[in-house]
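Residue numbers (the working numbering), protein chains in the order written: chain D, 225 to 521; chain C, 5 to 278.
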């Protein structure tokens, strides 16, 4: 008990000294810009003249701007293309890795993780090349089946799925390894008991694996969904939001409007709205999960 | 788990090999495309391997002083960024994990709240702030804004909370100060968590391009992703060089990852999501 008291004595001076750097840096580069952004969202803001207070007008304008609403729809569609594919593929592949021998699984884990560390720019460059009309892999592959070449990134119908492809590629490795960590957390005795009952692979999957992985999958779904709706680097580099605006995600819409003085207040209002909506969705799902715990890594 | 039959094992191994190959394929392809001649890069029909192996794209891009400079400047910046980030965030992590002081709760909430502020919402106002501080076109504008990270601090703190109190008690009895205990007991034990967080910081810096394109106009400070992005829009016809440059730009990252992959892969674990 003595020891505890000694260990938990007050150390105001040391604490403030060691906290000073993080406190100062966060204040200058996060808190002040955020408070400033909150303020700007209520003003008709300009680089060149005095700002005018306009109340909620920016928010009203954003919510009635068809282009913004369309970009939210694009973001939703994009996330709906990426997330189910990524979750299903990672779940299945994590189950494959779990059954591999230790040496080979080590190699597989390292290899599939590598795309995760590749930048959005490089991924975009590679996939623009894959979807190239003349020399690209995509047209070569569909050509093997006798199909006519497509202008993947210029066609309204194929542009968004083509931008979703690198997103899946970039996220697959980390998602798989988190799924795998979840699988390793399920006690082997559950499966042994099921084996004794004569349960098949499918039964074990449905009655043991999936229920026990529920929270891991939900966690990946929520964080992945928010990350994918916020994605803009891929469409910025691959299509610049086009053709028309079918690949303009909300953040790309916001970024584009920063370049337009008149729209600054609007786009900051838009980003705050987006943040509130996404944050609430995540909060609600985590509340349903009834868990304040998180995944490391 | 029940034993797998020979056929099942072969099937699983083949699937694993196939998926691994698919995941690595885009990277291999960009490396190979760098070895193709200008006409061949986009030639129909598509070929995986170059007809003729040319090193010219690689020598051309490496011969561009701007490319090498961007690689060097970005690498130096990334290392500095990761080091500062580890220092600032681990000091705070230690304080929140072990020390008792006035306003601890308030400061904790203040720091953690910043984790939920979206980057896009503060992108423009951050630009205005650094502009007012006269930081545009400096190394500081690239490095400083992202150094403090509540997420990284939180992650390191979780690690420190698991270090047994007994380890520092001896030092406390000897009268060592809190700072000494941090540097002589905690820092030496931090290697595994520092690898994960440090590589995370390094990657965030190395891969960033929106912030550099907004704040850097001086070619001497061009960042590598900014270079590639500019290259793509200004020299779009030189596909082979762009491929070679992209491949080379990913190399330092991949080497770093391979050196530390053991720590990174085992660092991906789940703490009680059940």
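From the three backbone atoms N, C-alpha and C, an ideal C-beta is built for every residue, glycine too.
Since the structure is predicted, the reported quantities are computational estimates derived from the model, not experimental observations.
Kindly list, in the order they appear in chain C, the residues whose Cβ is closer than 9 Å to that of residue 374 of chain D.
-> The contacting residues do not exist; residue 374 of chain D stays about 14 Å from chain C at best.
How would you call residue 431 of chain D, buried or exposed, if buried means at least 16 neighbouring beta carbons within 10 angstroms?
-> Its Cβ having fewer than 16 others within 10 Å, residue 431 of chain D is exposed.
Beta carbon proximity, residue 335 of chain D to chain C, threshold 8 Å = Yes, residue 335 of chain D lies at the interface with chain C (some Cβ there is under 8 Å from its Cβ).
What do you get for residue 247 of chain C, buried or exposed, if any count of 16 or more other CB atoms within 10 angstroms of its CB means buried?
-> Here residue 247 of chain C is buried, its C-beta having at least 16 other C-beta atoms within 10 Å.
In its own chain, which residues sit with a C-beta less than 7 Å from the C-beta of residue 81 of chain C, not counting the 5 before and 5 after it?
-> 143, 146, 147, 209
8 Å Cβ cutoff, residue 260 of chain D in contact with chain C = yes
What does residue 475 of chain D touch in chain C if you count any residue whose Cβ is under 7 Å from its own?
-> 124
Candidates D/361, D/328, D/498, D/306: closest to residue 385 of chain D by CA position | D/306
Any residues in the segment 294-323 of chain D with a beta carbon nearer than 8 Å to a beta carbon of chain C? Which ones, in chain order?
-> 317, 320, 321, 323
Helix, strand or coil for residue 276 of chain D per DSSP?
-> strand
May I ask which residues mark the beginning and end of the alpha helix (DSSP H) holding residue 372 of chain D?
-> First-last for residue 372 of chain D: undefined, no H or E at that position.
Return the residues of the segment 237-254 of chain C that lie within a Cβ-Cβ distance of less than 8 Å from chain D, sorted by chain order.
-> With the criterion set as a beta carbon lying under 8 Å from some beta carbon of chain D, the members of the segment 237-254 of chain C are 243, 246, 247, 250, 253, 254, in sequence order.
DSSP three-state assignment for residue 452 of chain D, whether helix, strand or coil | If DSSP states are grouped into helix, strand and coil, residue 452 of chain D belongs with the helices.
Would you kindly work out how many angstroms separate the C-alpha atoms of residue 509 of chain D and residue 121 of chain C, rounded to a whole number?
-> 19 Å
Are the beta-carbon atoms belonging to residue 79 of chain C and residue 256 of chain C less than 8 Å from one another?
-> yes
Does DSSP put residue 136 of chain C in a helix, in a strand, or in coil?
-> helix
For the alpha helix (DSSP H) containing residue 363 of chain D, list its first residue and its last residue.
-> Unbroken alpha helix (DSSP H) run through residue 363 of chain D: 361-368.
Measuring alpha carbon to alpha carbon, tell me which of D/303, D/377, D/348 ends up nearest residue 357 of chain D.
-> Considering only D/303, D/377, D/348, the residue with the shortest C-alpha distance to residue 357 of chain D is D/377.
Quick one, which residues of the segment 118-150 of chain C are near chain D if we go by CB-CB under 9 Å, in chain order?
-> 118, 120, 121, 122, 123, 124, 125, 126, 127, 128, 129, 130, 131, 132, 133, 134, 137, 148, 149, 150
Where do the ends of the alpha helix (DSSP H) carrying residue 356 of chain D lie?
-> Per DSSP, residue 356 of chain D belongs to no alpha helix (DSSP H) and is neither H nor E.
Mind checking residue 76 of chain C: buried by the 16 CB within 10 Å criterion, or exposed?
-> Label assigned to residue 76 of chain C: exposed.
Using a Cβ-Cβ cut-off of less than 9 Å, give me the residues of the segment 62-77 of chain C that come near chain E, in sequence order.
-> Absent from the structure is chain E; the protein chains it does hold are D and C.
Starting from the beta carbon of residue 164 of chain C, find every residue of chain D whose beta carbon is closer than 9 Å, and list them in chain order.
-> Against chain D, the beta carbon of residue 164 of chain C has no neighbour under 9 Å; the closest one sits roughly 13 Å away.
Would you report the Cα separation of residue 99 of chain C and residue 331 of chain D, rounded to the nearest angstrom?
-> It is roughly 38 Å from the alpha-carbon of residue 99 of chain C to the alpha-carbon of residue 331 of chain D.
Should residue 105 of chain C be flagged as near chain D, meaning a C-beta pair shorter than 8 Å?
-> yes
Please go through the same chain and pick out, in chain order, the residues whose beta-carbon is closer than 8 Å to the beta-carbon of residue 261 of chain C, but skip the five residues on each side of it.
-> 203, 268
Looking only at its own chain, which residues have a Cβ that is under 6 Å from the Cβ of residue 34 of chain C, when we skip the five neighbours before and after it?
-> 247, 250, 251
Do the CB positions of residue 322 of chain D and residue 407 of chain D come within less than 8 Å of each other?
-> yes
What separation, rounded to the nearest whole angstrom, lies between the Cα atoms of residue 328 of chain D and residue 259 of chain D?
-> 51 Å
Measure the C-alpha to C-alpha separation of residue 235 of chain C and residue 236 of chain D and round it to an integer number of angstroms.
-> Cα to Cα, the separation comes out at about 52 Å.
Expressed to the nearest angstrom, what Euclidean distance is found between the alpha-carbon atoms of residue 117 of chain C and residue 149 of chain C?
-> 16 Å
Taking DSSP as the reference, what is the three-state secondary structure of residue 268 of chain D?
-> strand
Where does residue 40 of chain C fall in DSSP's three states?
-> Three-state DSSP puts residue 40 of chain C in coil, outside helix and strand.
Using a Cβ-Cβ cut-off of 7 Å (strictly less than) and excluding sequence neighbours within five positions of residue 463 of chain D, which residues of its own chain qualify?
-> 377, 383, 387, 471
Three-state secondary structure (DSSP) of residue 55 of chain C = Shown here, residue 55 of chain C sits in coil according to DSSP, grouped into three states, outside any helix or strand.
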